[in-house]
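Below is one structure, written out as structure tokens; comments come after it.
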Amino acid sequence: MKIKLIAVGRLKDAYLRAMVDDYKTRIGRFAKLEIVEISDQPNRPGEEEKAKGIEFERAGRYIKSTDYLVALDARGREMSSRELAPFLEEAAVKGKGEIAFLIGGSLGLHEKAFERADFVWSFSHLTLTHGFARALLLEQVYRAFKIKAGEPYDK
């Protein structure tokens, strides 16, 4: 299985980079993980949709037509860690082994991202920084692999 994480914005905080690097190593036991950072688009008031569109165009260069695309957004469906494990397995089959996760920047995702997405996932109705969402996503993916492997996942 291959997992691709496409995120708008660069991780600036050292503690988040350390978490992401740690989970990237841990996930490596179970799947190949690629992380792609897309630069966020500067915008002016009233041009937010245009900026989100440009960000999605940049992200789209890394999304293959066969990828199973999961967009992260507060209006998506919530899942428990136990639900995520079989979801990843099913998504990998539908995406021919490749799952792409898309995290928007401070403006969120463009409507085209939702049109292309195979699934929209919400961690909660809370607003999260994209850096924290990235670390949380990888932690949950790792936890799902542990559950699927029958290993303890609560530590």
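Numbering (the working numbering), first residue to last: 75 to 229.
For glycine and all other residues, C-beta sits at the position ideal for the given N, C-alpha and C.
> Should Leu-181 and Lys-126 be called a contact, given that it needs their Cβ atoms to be closer than 8 Å?
Replying inline: Along the sequence shown, one-based indexing puts residue 181 at 107. Along the sequence shown, one-based indexing puts residue 126 at 52. Their beta carbons are under 8 Å apart, which means Leu-181 touches Lys-126 by this criterion.
>> Is it buried or exposed, Val-167, if we count other Cβ atoms within 10 angstroms and call 16 or more buried?
In response: For the purposes of this step, residue 167 is taken as the residue at position 93 of the sequence shown. It is exposed - the Cβ of Val-167 has fewer than 16 other Cβ atoms within 10 Å.
> Assuming Ile-173 and Val-144 make a contact with CB atoms under 8 Å, what is their CB distance in whole Å?
Replying inline: For the purposes of this step, residue 173 is taken as the residue at position 99 of the sequence shown. For the purposes of this step, residue 144 is taken as the residue at position 70 of the sequence shown. Yes, Ile-173 and Val-144 are in contact; Cβ-Cβ is about 7 Å, under 8 Å.
>> Please report the distance separating the alpha-carbon of Ala-148 from that of Ser-196.
In response: The residue labelled residue 148 in the question sits at position 74 within the sequence shown. The residue labelled residue 196 in the question sits at position 122 within the sequence shown. The straight-line gap from Cα to Cα measures roughly 5 Å.
>> On the criterion of 16 or more Cβ atoms from any shown chain inside 10 Å, does Arg-118 qualify as buried, or is it exposed?
In response: Within the sequence shown, the letter at position 44 stands for residue 118. Label assigned to Arg-118: exposed.
>> By DSSP's criteria, Lys-78 is part of a beta bridge. Which residues make up the other side?
In response: Taking the sequence shown and counting its residues from 1, one reaches residue 78 at position 4. Note: Lys-78 sits in a beta bridge opposite Glu-108 and Ala-174.
>> So, at 6 Å on beta carbons, what are the nonlocal neighbours of Tyr-216 in its own chain, with the 5 sequence-adjacent residues on each side left out?
In response: Working through the sequence shown from its first residue, we reach residue 216 at position 142. Cβ neighbours of Tyr-216 beyond the five flanking positions: Tyr-97, Arg-100 and Ile-101.
> Candidates Leu-176, His-204 and Gly-224: which alpha carbon is nearest Glu-108's?
Replying inline: Counting from 1 along the sequence shown, the entry for residue 108 is found at position 34. Closest option to Glu-108, Cα to Cα, is Leu-176.
> Hey, Met-75 and Ala-105: beta-carbon distance below 8 Å or not?
Replying inline: Here residue 75 refers to the residue found at position 1 when the sequence shown is read from its first residue. Here residue 105 refers to the residue found at position 31 when the sequence shown is read from its first residue. Yes, the Cβ-Cβ distance between Met-75 and Ala-105 is below 8 Å.
> Between the Cα of Glu-123 and the Cα atoms of Lys-170, Ile-80 and Gly-179, which residue gives the shortest distance?
Replying inline: Taking the first residue of the sequence shown as position 1, residue 123 is located at position 49. Among Lys-170, Ile-80 and Gly-179, the Cα nearest to that of Glu-123 belongs to Gly-179.
> Quick one: Cα of Leu-158 to Cα of Ala-133, how far?
Replying inline: In the sequence shown, the residue the question calls residue 158 occupies position 84. In the sequence shown, the residue the question calls residue 133 occupies position 59. For Leu-158 and Ala-133, the distance between alpha carbons rounds to 24 Å.
>> Helix, strand or coil for Leu-90? Go by DSSP, reduced to three states.
In response: The residue given as residue 90 occupies position 16 in the sequence shown. Leu-90: helix per DSSP, three-state reduction.
> Considering Tyr-142, what are the terminal residues of the beta strand (DSSP E) in which it resides?
Replying inline: Walking along the sequence shown from the start, residue 142 turns up at place 68. Taken as a continuous stretch (DSSP letters only), the beta strand (DSSP E) holding Tyr-142 covers 142-151.
> Taking just the CA atoms, how far does Ala-191 sit from Arg-91?
Replying inline: The residue given as residue 91 occupies position 17 in the sequence shown. The residue given as residue 191 occupies position 117 in the sequence shown. Approximately 26 Å, taken between the alpha carbons.
>> Within the continuous beta strand (DSSP E) that includes Phe-193, where are the two ends?
In response: Taking the first residue of the sequence shown as position 1, residue 193 is located at position 119. Segment 193-195, the beta strand (DSSP E) holding Phe-193.
>> Between Lys-78, Leu-202, His-184 and Arg-208, which has its C-alpha nearest Gln-115's C-alpha?
In response: Taking the sequence shown and counting its residues from 1, one reaches residue 115 at position 41. Of the candidates Lys-78, Leu-202, His-184 and Arg-208, the one whose C-alpha sits nearest the C-alpha of Gln-115 is His-184.
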